[in-house]
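Residue numbering for the sequence shown follows the working numbering, beginning at 6 and increasing consecutively. Every residue, glycine too, gets a C-beta built ideally from N, C-alpha and C. Notes for the one structure printed next.
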Amino acid sequence: MRLFVSMKIRDEYTYYSVVHNLCKDGRIDGSYACASKLLLSCCNKGLTITSSARRAVLSGLLMTVSYQAASKTHYKIKVAFECNQWRN
6 MRLFVSMKIR DEYTYYSVVH NLCKDGRIDG SYACASKLLL SCCNKGLTIT SSARRAVLSG
66 LLMTVSYQAA SKTHYKIKVA FECNQWRN
């Protein structure tokens, strides 16, 4: 994460790889929450999200945190995606 934070230019592939690796390392507490925050920041910047990354984060939140956290994150992703559609 320190390397990701220190990067000046972050593209879609960088976000995807960090989110994917955080989900793979789901044993650590809070990794799915961190991955969901990264995913939402990617959405808010207008970058595209792969469906596999979205599914990994949502299913991880569902398994480790709660149904409410997963549905709230899903709603935020949906709203950010729709807002980006209107901007373009």
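Among the options, the one whose alpha carbon lies nearest that of residue i
i, options, result
"C88", "D16, C48 and D30", "C48"
"Y21", "A38, L43 and K13", "L43"
"Y18", "T53, M68 and S11", "T53"
"R60", "V24, D16 and R15", "V24"
"A40", "K50, G51 and A58", "A58"
"Y80", "T55, G51, K50 and L45", "L45"
First through last residue of the alpha helix (DSSP H) which encompasses residue i
i, result
"K42", "S36 to N49"
"V62", "S56 to T69"
Secondary structure of residue i, DSSP reduced to three states
i, result
"K13", "coil"
"T78", "helix"
"T53", "coil"
Near the ligand PLP: residue i beta-carbon under 7 Å from a heavy atom
i, result
"R15", "Looking at this structure, you won't find the ligand PLP or any other ligand, since it has none at all."
Rounded Cβ spacing between residue i and residue j (contact assumed at less than 8 Å)
i, j, result
"C28", "V62", "6 Å"
Minimum Cβ-Cβ distance from residue i to chain D less than 8 Å
i, result
"A85", "The chain inventory of the structure shown lacks chain D, comprising one protein chain alone."
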